[in-house]
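Q: One structure is given below, represented as structure tokens, and several questions about it will come after.
Residue numbers (the numbering used here): 24 to 365.
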């Protein structure tokens with residue numbers, strides 16, 4: 024029996040769970056460890072507001088380790104929205120950090136050979152799932168359906184949708200708005216952030232509180248149309264989205280508040296980077312809590328930035344939850360003075 028968290032969540036986080044195989048910047052190797060954007064985003068939120076437990080919505084196969092799910096619950100996650108499918112699902116995810124800023128998701132054989140480490144049998148036949156375009160018509164096993172969401176999760180008021188796929192991102196915002204969520208944020212999937220989907224993206228962005236792409240994703244979408252990040256942010260906001268945050272890795276974030284016509288450049292907090300995995304997702308979880316607490320795009324970006332800074336200092340999604348009390352708030356106050364309005 025998996026332990027259940029009491030009470031209904033205040034924050035709903037929907038996305039993917041993965042089984043990570045990671046080569047860290049230090050060349051340390053992590054094999055088959057818990058990962059997935061939804062986990063990092065939930066931790067990013069829980070750094071600021073651990074109770075009630077954030078509600079995770081995701082789909083896994085029957086082969087996903089049950090002891091991991093039990094550990095997520097022990098670590099303060101509400102796992103009732105994790106649907107276990109009656110068949111195996113390939114959730115392997117390979118990441119190699121050549122250095123702190125260069126990430127490779129392909130060709131695990133060469134990376135293990137480079138380190139002189141035997142190739143793990145678990146990665147035989149691995150193909151990077153991000154190498155193909157999303158389908159406009161075909162649901163994947165990991166695509167989230169409306170009935171995956173526990174009824175009391177819909178009593179929450181704020182939600183973040185992590186990268187999943189195009190169909191999930193067309194469905195979920197409408198479901199959440201119908202349930203009267205006041206805050207809905209979305210981090211797009213790379214499988215549709217490209218010119219092929221140019222005419223489809225406006226409908227996804229309309230009505231969102233915040234749209235949170237990476238710089239690579241937004242440059243891919245606007246390829247041949249613009250090279251100016253602020254111009255891209257304004258164009259996306261014009262589709263009916265309140266806030267655009269362009270996540271720039273170690274370059275921090277560009278934050279555009281459409282209603283205030285305000286732009287901020289927020290530098291990344293100078294963390295001691297051990298494992299960059301999940302930094303962008305942790306940012307989104309922190310941003311969600313920050314925005315619900317302050318209703319201020321700039322303040323929310325500080326929360327997100329600090330969530331990311333804590334997550335990257337360890338090699339487990341939950342490392343950040345063991346940070347010293349008061350550390351997140353102290354970092355936030357320090358960062359506030361480094362950001363600038365442009």
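Where a beta carbon is used, it is the ideal one built from N, C-alpha and C, also for glycine.
Just so it is clear, the structure is predicted and the values come from calculations on it, not from any experiment.
For residue 225, does the three-state DSSP call read helix, strand or coil?
A: Correct three-state label for residue 225: helix.
Q: Using only alpha-carbon positions, find the residue among 202, 140, 184, 115 that is nearest to residue 212.
A: It is 184 whose Cα lies nearest to the Cα of residue 212.
Q: For residue 170, count the other beta carbons within 10 Å of its own beta carbon; 16 or more makes it buried, fewer makes it exposed. Which is it?
A: Under this definition residue 170 is an exposed residue.
Q: Which ranges would you report for the alpha helix (DSSP H) in the segment 132-218 if only whole runs of at least 4 residues count?
A: With a minimum length of 4 residues, the continuous alpha helix (DSSP H) runs that stay inside the segment 132-218 are 189-201.
Q: Whose C-alpha, out of 258, 195, 299, is nearest the C-alpha of residue 284?
A: Per the Cα distances, 258.
Q: Could you give the residue range of the beta strand (DSSP E) that holds residue 53?
A: 52-58 is the extent of the beta strand (DSSP E) around residue 53.
Q: Could you tell me which residues DSSP puts in a beta bridge with residue 104?
A: Residue 104 is bridged to 80.
Q: What does DSSP give as the partner residues of residue 346 in its beta bridges?
A: Note: residue 346 sits in no beta bridge, so no partner.
Q: Locate the beta strand (DSSP E) running through residue 312, then write down its first and last residues.
A: Note, residue 312: premise wrong, no beta strand (DSSP E); alpha helix (DSSP H) at 302-317.
Q: Going straight from the alpha carbon of residue 314 to that of residue 256, what length do you get?
A: Whole-angstrom Cα-Cα distance: 19 Å.
Q: Relative to the C-alpha of residue 114, which candidate in 140, 234, 59, 89 has its C-alpha closest?
A: Residue 59 is the option with its Cα nearest to residue 114.
Q: Whole angstroms is fine: what's the gap from residue 214's alpha carbon to residue 129's?
A: Going from the Cα of residue 214 to the Cα of residue 129 covers about 16 Å.
Q: With burial defined as no fewer than 16 other Cβ atoms inside 10 Å of the residue's Cβ, what is the status of residue 295: buried or exposed?
A: Label assigned to residue 295: exposed.
Q: May I ask which residues mark the beginning and end of the beta strand (DSSP E) holding residue 276?
A: Run containing residue 276: 276-280, per the beta strand (DSSP E) assignment.
Q: So the beta strand (DSSP E) residue 43 belongs to, where does it begin and stop?
A: Run containing residue 43: 41-46, per the beta strand (DSSP E) assignment.
Q: For residue 191, I'd like the list of residues in its chain whose CB is within less than 6 Å of its CB, leaving aside the five on either flank, ordered along the chain.
A: Cβ within range, chain order: 166, 167.
Q: What do you get for residue 247, buried or exposed, if any count of 16 or more other CB atoms within 10 angstroms of its CB means buried?
A: Exposed, because fewer than 16 other Cβ atoms sit within 10 Å of the Cβ of residue 247.
Q: If you count every other CB in all the chains shown that lies within 10 Å of the CB of residue 140, and 16 or more means buried, which is it?
A: Result: exposed.
Q: Counting C-beta neighbours from all protein chains within 10 Å, is the total for residue 67 16 or more, i.e. buried, or is it exposed?
A: Answer is buried; the Cβ neighbour count reaches 16.
Q: How is the beta strand (DSSP E) around residue 130 delimited, first residue to last?
A: Careful: residue 130 lies outside any beta strand (DSSP E) and carries neither H nor E.
Q: How many angstroms separate the CA atom of residue 205 from the CA atom of residue 50?
A: So the two alpha carbons sit approximately 43 Å from each other.
Q: Taking residue 217 as the reference, which of 242, 56, 307 has the closest Cα?
A: Minimum Cα distance to residue 217 is reached at 242.
Q: Work out the CA separation of residue 89 and residue 26 for me, nearest whole Å.
A: In this prediction, residue 26 scores a pLDDT of 41, lower than 50, which makes its location untrustworthy; no coordinate-derived value is stated.
Q: Taking the alpha-carbon positions, what's the residue 342 to residue 305 distance?
A: Taking the straight line joining both Cα atoms gives about 12 Å.
Q: Would you tell me roughly how many angstroms separate the C-alpha atoms of residue 147 and residue 117, rounded to the nearest one?
A: About 12 Å.
Q: For residue 28, count neighbouring C-beta atoms within 10 Å of its own C-beta (all shown protein chains included) and say buried if the count is 16 or more, exposed if not.
A: Residue confidence for residue 28 is low, a pLDDT of 46 falling below 50, so the modelled location carries little weight; the figure read from the coordinates is stated next. It is buried - the Cβ of residue 28 has at least 16 other Cβ atoms within 10 Å.
Q: Taking all protein chains shown into account, decide if residue 340 is buried (16 or more other Cβ within 10 angstroms of its Cβ) or exposed.
A: Its Cβ being crowded by 16 or more others within 10 Å, residue 340 is buried.
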